[in-house]
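To start, the structure itself, in structure tokens.
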Amino acid sequence: MPFVELFVPKGSLDQERREKIGGRLVSEVMIAEGAPDTEAARSISWLVVNEVDAWFVGGRPLPAGDKPKYVVRVGVPAGSMNDDRRHDIVRRVTRVLADADEDPGRFTEAAAAWVHINEIPEGNWGARGEIVRIEDIAAFVTGTGAVVPRGA
Numbered sequence: 003m004p005f006v007e008l009f010v011p012k013g014s015l016d017q018e019r020r021e022k023i024g025g026r027l028v029s030e031v032m033i034a035e036g037a038p039d040t041e042a043a044r045s046i047s048w049l050v051v052n053e054v055d056a057w058f059v060g061g062r063p064l065p066a067g068d069k070p071k072y073v074v075r076v077g078v079p080a081g082s083m084n085d086d087r088r089h090d091i092v093r094r095v096t097r098v099l100a101d102a103d104e105d106p107g108r109f110t111e112a113a114a115a116w117v118h119i120n121e122i123p124e125g126n127w128g129a130r131g132e133i134v135r136i137e138d139i140a141a142f143v144t145g146t147g148a149v150v151p152r153g154a
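The sequence shown: position 97 = 99 (the working numbering), numbered continuously.
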């Protein structure tokens with residue numbers, strides 16, 4: 003299940019744009035990841051918005067009033083991705099950002115948004131004080147088990 007972090011210069015997102023992005027970003031990543039659309043899967047698919055006080059490009063501060071830049075980091079369990087799914091995540095994330103922007107065409111340029119996919123190695127994801135394995139997550143989202151087996 004994805005953990006998504008959106009980084010944007012402070013003050014770049016009004017409430018309407020924040021909700022447009024927030025309402026779709028995790029769902030689109032879940033689709034690309036191949037996750038089922040269940041309440042359980044949604045409950046462990048999170049988005050955090052980070053508004054950054056200082057944003058520099060090429061060693062210079064981003065001028066006030068410039069169109070926002072975005073960095074989106076998507077954390078997923080290792081083993082859940084292949085090249086097609088990675089490409090689909092990048093495409094879907096970029097589309098969500100473009101759909102919420104006043105100038106969607108600028109997202110064809112490298113300077114508008116970067117998407118980083120971080121595959122968390124097996125044994126490096128945890129919940130409830132225990133290690134969570136990919137099979138534990140799969141069992142949870144399909145309704146056949148807990149995120150962490152009790153007594154693990």
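The beta carbon of each residue, even a glycine, is placed where N, CA and C say it ideally should be.
A quick note: this is a predicted structure, and the numbers were derived from the prediction, not measured.
Mapping the DSSP letters down to three states, classify Ile133 as helix, strand or coil.
The residue given as residue 133 occupies position 131 in the sequence shown. Of the three classes helix, strand and coil, the one that applies to Ile133 here is strand, per DSSP.
Apart from the five residues just before and just after Thr40, which ones in its own chain have a Cβ nearer than 8 Å to its Cβ?
As a first step, residue 40 must be located in the sequence shown, where it is residue number 38. Result list for Thr40: Val143, Thr144, Gly145, in chain order.
Tell me which residues share the same chain as Leu15 and place their Cβ nearer than 8 Å to its Cβ, disregarding the 5 neighbours each side in the sequence.
Counting from 1 along the sequence shown, the entry for residue 15 is found at position 13. Only Ile23, Val51, Glu53, Pro70 meet the Cβ criterion.
Nearest by alpha-carbon distance to Asn126: which of Ile136, Val117, Glu111 is it?
Mapped onto the sequence shown, residue 126 falls at position 124. Here the closest residue by C-alpha is Ile136.
Please report the Cβ distance between Ile119 and Arg88, rounded to the nearest whole angstrom; I am assuming they are in contact, meaning their Cβ atoms lie under 8 Å.
One-based indexing of the sequence shown puts residue 119 at position 117. One-based indexing of the sequence shown puts residue 88 at position 86. Rounded, the Cβ-Cβ distance is 5 Å, consistent with contact.
Within the same chain, show all residues whose beta-carbon is closer than 8 Å to that of Glu35, passing over the 5 residues directly before and after it, in chain order.
Residue numbering aside, residue 35 sits at position 33 when the sequence shown is read from its first letter. The answer, listed in chain order, is Met3, Pro4, Val78, Ser82, Met83, Arg87, Ile91.
For Ile139, is the classification buried or exposed, using 16 other Cβ atoms within 10 angstroms of its Cβ as the cut-off for buried?
Along the sequence shown, one-based indexing puts residue 139 at 137. The residue in question, Ile139, is buried, as its Cβ has 16 or more Cβ neighbours within 10 Å.
Starting from the C-beta of Ile133, find all residues in its chain whose C-beta is less than 6 Å away, skip the five residues before and the five after it, and write them out in chain order.
Sequence index remark: in the sequence shown, residue 133 carries index 131 (1-based). So the list reads Gly125, once near-sequence residues are dropped.
Can you tell which of Pro123, Ser29, Glu18 has its C-alpha closest to the C-alpha of Val6?
In the sequence shown, residue 6 corresponds to position 4, counting from 1. Minimum Cα distance to Val6 is reached at Ser29.
Between which residues of its own chain and Phe58 is the CB-CB distance below 8 Å, once the five residues before and five after are set aside?
Stepping through the sequence shown from its first residue, residue 58 is reached at position 56. Counting only Cβ-Cβ distances below 8 Å, and skipping sequence neighbours, we find Leu64.
With DSSP run on the structure shown, which of helix, strand or coil describes Leu15?
Looking up residue 15 in the sequence shown gives position 13. Residue state, collapsed to three classes: coil.
Run through the DSSP bridge pairs and tell me what Leu8 is partnered with.
As a working mapping, residue 8 is identified with position 6 in the sequence shown. For Leu8, which the question treats as bridged, DSSP gives the partners Val51, Val74.
Indicate the three-state DSSP secondary structure (helix, strand or coil) for Ile119 in the structure shown.
The residue labelled residue 119 in the question sits at position 117 within the sequence shown. Residue state, collapsed to three classes: strand.
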